[in-house]
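Residue numbers (our numbering): 45 to 93.
The beta-carbon is built from N, C-alpha and C at its ideal position, and this holds for glycine as well.
Structure representation (structure tokens):
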């Protein structure tokens with residue numbers, strides 16, 4: 045019986061070390077959400093016609 049234990053290397057964890065600062069991520073998310081809201085507002089207006 046072999047009870048060797050090994051860890052799988054998770055590449056996603058390595059990439060997380062290179063993430064931008066949280067405030068930059070939050071600003072990017074806010075910008076994306078605002079753009080999406082504008083697009084949905086346009087669609088909603090078009091559906092009223």
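For this session: Could you pull out every residue in the same chain whose Cβ sits closer than 7 angstroms to the Cβ of residue 86, ignoring the five residues on either side in sequence?
Result: Locating residue 86 in the chain shown gives position 42, where the first residue counts as 1. Non-local beta-carbon contacts of residue 86 in its own chain, meaning distances under 7 angstroms to residues more than five positions away in sequence, are absent.
Exercise. Run through DSSP, which three-state label would residue 64 get?
Worked result: The sequence position of residue 64 within the chain shown is 20, counting from 1. In this structure, DSSP gives residue 64 a state outside helix and strand, which the three-state scheme calls coil.
For this session: Throw me the rounded Cβ distance for the residue 77 and residue 69 pair, which I believe falls under 8 angstroms.
Result: In the chain shown, the residue the question calls residue 77 occupies position 33. In the chain shown, the residue the question calls residue 69 occupies position 25. With a Cβ gap of about 13 angstroms, residue 77 and residue 69 do not count as contacting.
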